[in-house]
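Counting along the sequence shown from 1, when you hit position 104 you're at 104 in UniProt numbering, and nothing is skipped either side. Remarks on the structure that follows.
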Amino acid sequence: MSPSVPLGPGGTREHRPEQRPPAPGTAEPQADADHDATRGASDASGGTHRRAAAVGDWFQRLWHGAERVELLHRSMGFAALGLVTLVPLLIVVAAADPFHRHGLAGWVVDGMDLPSKDAASVQRLFATQHQVLSTTSALSLAAVAVFGLTFVSAVQNGYERVWQLPAGPWRHAWRRTIRRAVWLAVLTAYLYAVAQSRDLLDGGTAQTAVRVVLILAAGLVFFWWGQSFLLGRRVPALRLLPGALLTVGGLAGLRWFSGLVFSRMIVDNAVSYGVVGTVLVVESWLIGVGFVVFGGALLGRRLVCSEAAEAPDLPGNTES
1 MSPSVPLGPG GTREHRPEQR PPAPGTAEPQ ADADHDATRG ASDASGGTHR
51 RAAAVGDWFQ RLWHGAERVE LLHRSMGFAA LGLVTLVPLL IVVAAADPFH
101 RHGLAGWVVD GMDLPSKDAA SVQRLFATQH QVLSTTSALS LAAVAVFGLT
151 FVSAVQNGYE RVWQLPAGPW RHAWRRTIRR AVWLAVLTAY LYAVAQSRDL
201 LDGGTAQTAV RVVLILAAGL VFFWWGQSFL LGRRVPALRL LPGALLTVGG
251 LAGLRWFSGL VFSRMIVDNA VSYGVVGTVL VVESWLIGVG FVVFGGALLG
301 RRLVCSEAAE APDLPGNTES
């Protein structure tokens with residue numbers, strides 16, 4: 001039997017158009033476009049999530065590095081040793097300067113960017129030039145120099161912790177002592193040059209701009225060379241450059257912050273607590289300096305090291 005065919009009005013056969021399947025490659029163009037758009041949005045969303053996860057993982061590793069280095073604890077040790085061991089040496093050096101009559105107080109005031117009206121309490125904190133020179137002997141000068149090496153040792157140990165390097169064998173202890181003495185001498189010369197630049201280049205906008213450029217350039221050279229020198233050149237110099245740049249930038253930011261915040265704190269604390277209040281503010285500033293010195297090196301290391309390896313691929317762990 002033939003299949004039944006539906007009849008239209010009047011008994012005639014109803015003609016219906018034949019439905020053919022779409023040809024391969026031409027089916028559902030609108031559906032394909034919608035699918036591509038959905039897939040593109042999904043890929044973009046996935047890429048955003050991956051980038052966010054990568055950024056979060058980077059900061060997490062940086063945080064773990066700060067915990068491993070004990071950044072805050074080390075910064076407080078930097079400030080304490082700096083005040084106890086380094087400042088006495090700088091007091092003697094500043095007092096022996098025949099050109100700069102303000103002593104170490106002038107160095108600190110310039111470093112903290114304190115205005116003249118707020119600097120009186122800091123100037124009273126340190127001994128005068130005449131008092132220092134009249135009571136300093138060759139033996140006491142040698143003693144403060146040896147104490148200064150303790151401060152350099154703390155800085156060297158901090159850099160080694162940042163780069164996860166061993167301290168070195170005992171047979172190289174004399175080399176490390178020489179390195180620390182040289183680094184301390186260069187640090188003193190750097191601080192002296194920065195203090196002298198205030199008197200030599202403080203006559204207008206152009207001279208101030210020249211002074212800023214020279215200070216930043218000298219700071220970059222010092223922290224770049226100083227880190228490599230204390231590490232015994234066990235880290236390639238180019239890997240240390242980002243840390244030096246970040247350290248100099250951080251110190252510039254700290255100077256700006258100090259001029260805004262610490263200047264007022266010194267006045268208030270001097271009124272409330274006397275000399276002790278001034279010491280606390282100066283110590284807080286030194287903690288900030290230590291945080292920038294070690295934090296800049298740590299952040300620079302994180303920027304140049306491989307994400308897959310926590311320890312950098314260094315040429316060796318032996319001091320040269």
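Glycine included, each C-beta is placed from N, C-alpha and C at the ideal position.
Practice prompt. For Ile178, count neighbouring Cβ atoms within 10 angstroms of its own Cβ and tell me buried if that reaches 16, exposed if not.
Written response: exposed
Worksheet entry | Enclosing alpha helix (DSSP H) for Leu104 [first to last residue] | Gly103 to Met112
Worksheet item: Can you give the Cα-Cα distance for Gly65 and Leu299, rounded to whole angstroms?
Response: 9 Å
Worksheet item: How would you write the range of the alpha helix (DSSP H) that Gly250 sits in, first residue to last?
Response: That run of the alpha helix (DSSP H) goes Ala237 to Phe257.
Fill in: Which of helix, strand or coil DSSP assigns to Pro166
coil
Practice prompt. Could you round the C-beta distance between Leu251 and Val292 to whole angstroms and report it? I think they count as a contact, below 8 Å.
Written response: 5 Å
Worksheet entry | As assigned by DSSP and simplified to three states, the class of Asp97 | coil
Discussion item. Helix, strand or coil, according to DSSP, for Val284 in the structure here?
Written reply: For the record, residue 284 in the displayed sequence is Ser; it is not Val. Ser284 falls in the helix class under three-state DSSP.
Worksheet item: Of all the alpha helix (DSSP H) runs that stay within the bounds of the region 186 to 232, which reach a length of 4 or more residues?
Response: 205 to 230
Worksheet item: To the nearest angstrom, how far is it from the Cα of Gly82 to the Cα of Thr205?
Response: The straight-line gap from Cα to Cα measures roughly 33 Å.
Worksheet item: Is it the case that the CB of Asp113 approaches a heavy atom of the ligand GTP more closely than 6 Å?
Response: Judged by which ligands are present, the structure shown has none, so any question about the ligand GTP falls away.
Discussion item. Looking at the secondary structure, which residues open and close the alpha helix (DSSP H) in which Val271 lies?
Written reply: Ser263 to Tyr273
Practice prompt. Could you check the C-alpha separation between Arg301 and Val162 for me, to the nearest Å?
Written response: 8 Å
Worksheet item: Where do the N-terminal and C-terminal ends of the alpha helix (DSSP H) with Ala120 fall, by residue?
Response: Per DSSP, the continuous alpha helix (DSSP H) segment holding Ala120 begins and ends at Ala120 to Leu125.
Worksheet item: Once you ignore the five residues that flank Gly253 on each side, which residues in its own chain have a CB closer than 6 Å to its CB?
Response: none
Worksheet entry | From Arg51, Ala119, Leu286 and Ala195, residue whose alpha carbon lies closest to that of Ala94 | Ala195
Item to complete: Evaluate residue 330 with the Cβ neighbour count: other Cβ atoms within 10 Å of its Cβ, from every protein chain shown; 16 or more gives buried, anything less gives exposed.
Response: The shown model of the chain, from 1 to 320, leaves out residue 330, and the question about it has no answer.
Worksheet item: Excluding the five sequence neighbours on either side, which residues of its own chain have a C-beta within less than 6 Å of the C-beta of Leu86, listed in chain order?
Response: Taking Leu86 as the centre and dropping the five residues before and after it, the same chain places the C-beta of Gly148 and Phe151 closer than 6 Å to its C-beta, in chain order.
Discussion item. Considering only the alpha carbon of each residue, which of Tyr273, Gly290, Ser263 and Leu280 lies closest to Val109?
Written reply: Ser263
Worksheet entry | Where Ala27 falls, given that 16 or more other Cβ within 10 Å makes a residue buried | Any reading at Ala27 is ruled out, since the residue's pLDDT is 49, under 50, leaving its predicted position unreliable.
Worksheet item: Of the choices Thr247, Val213, Ala270 and Trp256, whose alpha-carbon is the least far from that of Lys117?
Response: Comparing Cα-Cα distances from Lys117 to each of Thr247, Val213, Ala270 and Trp256, the minimum goes to Ala270.
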